[in-house]
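Reading through the structure tokens given below for one structure.
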Amino acid sequence: RAAANGAAAVGSPRAPGEYRSVLSVFAHQTVETKMAAPAPKGKKVDSCVFNGEKFAVDDTITLRPPNSSGPPFVGKISEIVKEPNGEEQCHVSWFYRPEEARGGRKAFHGDKELFTSDHYDWVAKSSINGHCSVHKLREYQQLTEVTDNDYYTRFSYKASKGEFKPDKVPVYCACEMPYNPDLFMVECESCEEWYHPQCVGSTKKQVEKLAQFVCPTCDKKAQARAAKKQRVK
């Protein structure tokens with residue numbers, strides 16, 4: 139099936155590939171998690187203001203990490219409490235980066251990929267950098283422009299047990315890895331499987347020049363059928 143412009147169909151898979159267990163694509167390892175803080179005493183409020191910006195319950199935010207040279211932490215505000223001394227604390231559910239979770243970062247993880255988690259902490263509003271957006275993968279794919287404050291998530295991570303949901307994911311290509319929105323893919327005209335050009339001995343430039351792309355496996359089958367017809371004649 140060719141794309142509307144007469145070129146090979148490229149972009150992101152529109153249909154699930156074969157499914158594999160999440161733990162079969164995540165190696166086993168543990169990492170140090172963020173430190174928990176005690177729950178504050180005070181009055182629950184719907185929002186707070188820091189540096190002239192309003193933050194409310196259910197907002198997704200970036201926060202300053204302990205290491206100023208590292209990437210910001212990302213969390214979602216679930217509760218805000220104003221303490222008797224006037225200070226305001228936010229109860230935040232953390233988004234984990236792949237390298238912070240069991241298994242670490244893999245080739246199929248996108249640069250902006252995060253995992254939702256069951257890990258909550260209380261943080262001072264003074265640690266907040268600003269707002270951000272954490273999209274579902276399909277919504278992220280449809281963005282016309284990805285900013286520094288755009289992220290996406292497709293897995294939930296139970297930090298206490300090192301477990302992921304969903305527990306199975308579709309895999310694609312000869313490399314049998316889940317989809318990475320940062321990596322170019324092309325659809326085979328014959329089997330309708332999606333491939334990374336480099337995994338089938340090609341390049342993005344070569345693929346983009348094709349009217350139709352046929353993967354090596356389907357190409358061999360087509361050649362075999364053609365040869366058989368010749369013998370019959």
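In this note's numbering, the protein residues as written are 139 to 371. Built from N, CA and C at the ideal position, the CB exists for glycine as well. Since this is a predicted model, take the numbers as computed values, not measurements.
The Cβ neighbour count for ALA177, taken over all protein chains shown within 10 Å, is under 16; the residue is labelled exposed.
Per the C-alpha coordinates, the member of LEU281, ASP288 and ARG292 positioned closest to LEU275 is ARG292. Looking only at CYS270, VAL324 and ALA349, the smallest Cα-Cα distance to TYR310 is reached by VAL324. Counting only runs of 3 or more residues that sit fully inside the region 244-328, the beta strand (DSSP E) segments are 251-262, 266-269, 271-274, 288-296, 301-303, 306-309 and 323-325, in chain order. Just measuring C-alpha positions, the residue of TYR234, CYS329, GLU301 and TYR258 sitting nearest PRO210 is TYR234. Taking 9 Å as the cut-off, the beta carbon of VAL230 is found no closer than this to the beta carbon of LYS220.
By the criterion of at least three beta-carbon pairs nearer than 8 Å, the region 346-353 is not in contact with the region 279-289. When DSSP states are grouped into helix, strand and coil, THR355 belongs to the helix group. CYS186 sits close to LYS192, with the two beta carbons spaced by under 9 Å.
ASP320 counts as exposed, since fewer than 16 other beta carbons sit within 10 angstroms of its beta carbon. Closest by C-alpha distance to SER328, out of CYS337, CYS356, PRO204 and VAL307, is CYS356. In the three-state DSSP reduction, GLU238 falls in the helix class (H, G or I). Taking C-alpha positions only, ILE218 is separated from ALA194 by approximately 8 Å. By the CB criterion at 9 Å, TYR290 and VAL272 fall inside the cutoff. Following the DSSP letters along the chain, one finds LYS214 inside the beta strand (DSSP E) bounded by residues 211-220.
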